Amino acid sequence: MRKPRRRSLRFPWLLVYAIAYLVFLYLPVLLLPLFSFNDGTIVAFPMKGFTLKWYAQLGAQDTLLQAMVNSLIVGSVTALAATSLGLFAARAYVRYRFKGRELSEGLVMLPLVIPGIIVASSMLVLFIALGLKPSLTTVILGHVFVALPFAVSIMKSAFDDFDQSLEEAAFDLGESVIGTFRRVTLPIVAPGIVASLLVTFTVSFDEFVLAFFLSGNQPTLPVYIWSQIRFPAKLPNTLALGSLLLLASVVLLLIAEYFRRRSNKSA
0 MRKPRRRSLR
10 FPWLLVYAIA
20 YLVFLYLPVL
30 LLPLFSFNDG
40 TIVAFPMKGF
50 TLKWYAQLGA
60 QDTLLQAMVN
70 SLIVGSVTAL
80 AATSLGLFAA
90 RAYVRYRFKG
100 RELSEGLVML
110 PLVIPGIIVA
120 SSMLVLFIAL
130 GLKPSLTTVI
140 LGHVFVALPF
150 AVSIMKSAFD
160 DFDQSLEEAA
170 FDLGESVIGT
180 FRRVTLPIVA
190 PGIVASLLVT
200 FTVSFDEFVL
210 AFFLSGNQPT
220 LPVYIWSQIR
230 FPAKLPNTLA
240 LGSLLLLASV
250 VLLLIAEYFR
260 RRSNKSA
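Sequence positions in the sequence shown follow numbering that gives the first Met the number 0 and run 0 to 266.
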């Protein structure tokens with residue numbers, strides 16, 4: 000029986016659509032580092048010339064450096080807390096069947112669909128009612144809430160294909176529960192843990208709405224950038240800073256994706 004011939008498209012419409020979509024999505028992002036090398040303060044073509052002075056001026060701004068330190072502290076603590084909680088939550092969701100499992104998993108993923116402005120304003124009211132003034136502590140609490148769904152999703156993929164017989168073999172050899180978790184489970188899901196740390200750190204480092212509401216007089220880097228972008232004279236420095244953050248975010252996400260795929264292969 001002859002196989003039916005596949006019709007070949009005369010014009011690659013799908014390819015054209017994909018290219019147009021990528022250009023529409025990433026062209027504004029690519030203009031950011033382009034204008035960061037512009038010698039003029041006006042973001043417009045034609046550019047006046049090539050310069051690196053905007054990057055050189057970043058290190059002399061104390062307020063900027065303090066905001067950077069604040070973001071690094073918040074991102075690091077958020078990544079550790081969210082990944083730790085996500086590790087045990089993902090293990091419970093994958094390994095066990097208990098009453099209310101689907102409901103609790105849905106509640107964990109709820110921050111992904113709730114508008115950030117609603118979460119931020121609600122948390123601000125809650126923290127003030129509890130006597131907590133806006134600070135880096137409240138920002139960390141808010142960021143853990145937002146980053147937890149990402150950590151759970153990544154760790155679930157690390158546990159999905161995990162061979163439980165490895166843990167059972169360790170139990171048969173007399174290893175304790177904690178020892179098995181430390182010596183058998185953690186080394187296998189370690190790439191997933193690293194991926195979760197990187198992704199949750201990036202999510203926290205780039206988050207603006209919660210930080211704007213909850214940071215008080217301790218602004219994070221996105222809040223500082225927002226405060227500077229309103230002044231035309233500060234715009235070139237902001238573009239240079241944004242370009243560095245864009246590069247760092249891309250690098251972190253690429254590393255996280257590498258460890259996520261490595262985790263899936265090892266499982």
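Where a beta carbon is used, it is the ideal one built from N, C-alpha and C, also for glycine. The model shown is predicted, which means the values in this text are computed figures rather than measured ones.
Beta-bridge partners assigned by DSSP to ASN37: PHE49. Residue burial is scored here from C-beta neighbours: PRO148 has at least 16 other C-beta atoms within 10 angstroms and is therefore classed as buried. Within the segment 102-129, the runs of alpha helix (DSSP H) at least 4 residues long that lie entirely inside it are, in chain order, 115-128. Judged by DSSP in its simplified three-state form, ASN69 adopts helix.
Excluding sequence positions up to five before and after LEU209, its CB lies within less than 6 angstroms of the CB of ALA119, GLY141, all in the same chain and listed in chain order. In the same chain as ALA239, and ignoring 5 residues on each side of it, the C-beta atoms closer than 7 angstroms to its own belong to SER35, TRP53, TYR54, LEU57, in chain order. VAL73 is a Cβ neighbour of ILE139, given a cutoff of 8 angstroms. The DSSP-derived three-state label of GLN60 is coil.
In terms of CA proximity to ALA91, PHE158 leads the group ALA81, GLU206, PHE158, SER175.
With 16 or more other CB atoms across the displayed protein chains lying within 10 angstroms of its CB, VAL143 is buried. Assigned with DSSP and collapsed to three states, PRO190 falls in helix. For the 8 angstroms CB-CB criterion, ALA168 and ALA81 do not form a contact. In the structure shown, PHE144 adopts helical secondary structure according to DSSP, grouped into three states. If you draw a straight line from the Cα of SER75 to the Cα of ASN69, it comes to about 10 angstroms. When the Cα atoms are used, PHE126 and ASN37 turn out to be separated by approximately 43 angstroms. By the neighbour-count criterion, in which 16 or more other beta carbons inside 10 Å mark a residue as buried, VAL112 falls on the exposed side.
Counting every other CB atom within 10 Å of its CB across the protein chains shown gives ALA89 a total of 16 or more, marking it as buried.
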